[in-house]
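Report on the structure given below.
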Amino acid sequence: MRETLENMRDEAIDSVAKIDDLKQLDDLRRKYLGKKGELTKVLRGMGRLPAQERPIIGSLANEVRTLIQTQLDNQRERLEERALEDRLSREAIDVTMPGARIDRGNLHPLTSVQNEIVDIFIGMGFIAVEGPDVELDYYNFEALNIPKDHPARDIQDTFYINDEMVLRTHTSPVQVRVMEAEEPPIKIVVPGRVYRSDDVDATHSPIFHQIEGLVIDKNVTMADLKGALDVFAKELFGKDTKTRFRPHYFPFTEPSVEVDATCVTCGGDGCRICSNTGWIEILGAGMVHPNVLRYGNIDPSIYSGYAFGLGLDRIVNLKYGIDDIRLLYENDVRFLKQF
Ligand code: DAH
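Numbering that gives the first Met the number 0 applies: residue 0 is where the sequence shown begins, and numbers increase by one.
Listed below in structure tokens is the structure:
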């Protein structure tokens, strides 16, 4: 019996060591230590032993059981460890491998130049406000001193929603909205979309963008207008930029000017972009007409102000040498990615 036990022990240790799979290990445990296992079988035969041998064989059987159990446990631990290592190495990530490249977006040039321009004016103490795209005829025309028969109201140019409402044709109506709502001093810039019933070509789009400016306070003069817009042009196009102010006409300003800057492309020498004049028109401006101040409930005998309006699309095109406004609206990412 001792021999049977010892053989069983050696054989069990041997086969446990050879196992490399948890399920087979479990089968082995059942084979040796299970209820119907080999050790149980041996123990059942103990009754036939002489009384004095029973404790000796009994304790040998216990030893064998413990030994096999320990071997099984150790082997299980080894196998589990190896399985974990396998899994970890299978799932390992090599952080030094080049990643899948994710395309990075960028701001549309209209947005980034608009931000740049608004920031320049914020730097001069302006605040940015917005107004509605669908605007009352009253604010778009009437309150800007554009009477009913003025050619700027031409049904050809303006998208009418109904008799009283239009898609704003410029950002100027926000001037009067702000005058009505705020007490001077007022110092605002108004970026926004504007709409005109134009046929699309290289320089026209029915939707385009303007940035309006309005400054109202006591003793505001044309010199303030010239100073602010000259600083603006130098900030936007470079410190060597010069400006010139040409007399012009707008219904909502008096006097009115158009402002030119030295050509961004040739620096004033004359080139294709500036039609060899050395100058490019960048905005319209003027001293706010007393009628407009009155429409905004501001007393023209106490306050004066200047206003300006610039076309963003044209400035974007000048800045980047883009020769067709349609490119700004076609949203071809190959084009937009270049900015
Ligand atoms: N509203 C004008 C336009 O759309 C631009 C403009 C000119 C705005 C002179 C102004 C200004 O505020 O003073 O053409």
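Even glycine gets a Cβ: it sits at the ideal position worked out from N, Cα and C.
Would you mind giving the Cβ-Cβ distance between residue i and residue j, rounded to the nearest angstrom? I have them listed as a contact below 8 Å.
| i | j | result |
| --- | --- | --- |
| serine 111 | phenylalanine 307 | About 21 Å; that fails the 8 Å criterion. |
| methionine 164 | valine 133 | 6 Å |
| tyrosine 319 | proline 108 | 6 Å |
| glycine 382 | lysine 186 | Absent from the model: residue 382. The displayed extent of the chain is 0 to 338, so no value can be given. |
| phenylalanine 251 | histidine 288 | 5 Å |
| valine 199 | serine 303 | In fact, because the Cβ distance is near 40 Å, the residues do not count as touching under 8 Å. |
| valine 117 | leucine 143 | Contact flag wrong, Cβ pair sits at about 22 Å. |
| glycine 98 | glutamate 179 | At roughly 55 Å, the Cβ-Cβ gap does not stay under 8 Å, so glycine 98 and glutamate 179 are not in contact. |
| tyrosine 328 | serine 204 | 6 Å |
Could you tell me if the beta carbon of residue i falls within a distance shorter than 8 Å of some heavy atom in the ligand DAH?
| i | result |
| --- | --- |
| threonine 242 | no |
| serine 274 | no |
| methionine 174 | The sequence shown places glutamine at residue 174, not methionine. Yes, the ligand DAH has a heavy atom inside 8 Å of this Cβ. |
| serine 111 | no |
| valine 332 | no |
| phenylalanine 251 | yes |
| phenylalanine 307 | yes |
| glutamine 209 | yes |
| serine 196 | no |
| threonine 220 | no |
| leucine 326 | no |
| leucine 213 | yes |
| glycine 283 | yes |
| serine 300 | no |
| valine 165 | no |
| serine 255 | yes |
| serine 303 | no |
| histidine 169 | yes |
How far does the alpha helix (DSSP H) with residue i in it extend, from its first residue to its last?
| i | result |
| --- | --- |
| glycine 122 | 108-122 |
| glutamine 174 | 172-180 |
| methionine 7 | 1-17 |
| glutamate 62 | 53-90 |
Alpha carbon to alpha carbon, how far is residue i from residue j?
| i | j | result |
| --- | --- | --- |
| aspartate 9 | arginine 100 | 60 Å |
| valine 193 | threonine 170 | 7 Å |
| lysine 34 | glutamate 76 | 23 Å |
| threonine 3 | methionine 96 | 59 Å |
| valine 63 | glutamine 74 | 16 Å |
| asparagine 316 | alanine 201 | 11 Å |
| isoleucine 55 | aspartate 19 | 34 Å |
| phenylalanine 120 | glutamine 155 | 34 Å |
| leucine 87 | glutamine 68 | 28 Å |
| leucine 292 | aspartate 298 | 7 Å |
| valine 230 | aspartate 223 | 11 Å |
Which residues in the same chain have their Cβ closer than 7 Å to the Cβ of residue i, if we skip the five residues on either side of it in sequence?
| i | result |
| --- | --- |
| alanine 232 | Thr240, Thr242, Ala260 and Ile281 |
| glycine 36 | Arg29 and Lys30 |
| histidine 247 | Ser255, Val256, Glu257 and Gly283 |
| valine 173 | Val128, Gly130, Val189 and Glu211 |
| phenylalanine 207 | Val193, Gly310 and Asp312 |
| valine 136 | The question names valine, yet the displayed sequence has aspartate at residue 136. Only Glu163, Met164 and Val165 meet the Cβ criterion. |
| aspartate 323 | Ala201 |
| cysteine 262 | Cys270, Ile272, Cys273, Gly277, Trp278 and Ile279 |
Who are the Cβ neighbours of residue i in its own chain at under 8 Å, not counting the five residues just before and after it?
| i | result |
| --- | --- |
| lysine 336 | Asn105 |
First and last residue of the beta strand (DSSP E) that includes residue i?
| i | result |
| --- | --- |
| serine 255 | 252-261 |
| phenylalanine 236 | Segment 221-236 is the alpha helix (DSSP H) holding phenylalanine 236; no beta strand (DSSP E) there. |
| isoleucine 187 | 185-194 |
| glutamine 209 | 206-216 |
| tyrosine 305 | 303-310 |
| threonine 242 | 242-249 |
| isoleucine 279 | 278-287 |
For residue i, collect the residues of the same chain with a Cβ closer than 6 Å to its Cβ; drop the 5 residues on either side in sequence, then sort them by chain order.
| i | result |
| --- | --- |
| leucine 21 | Leu78 |
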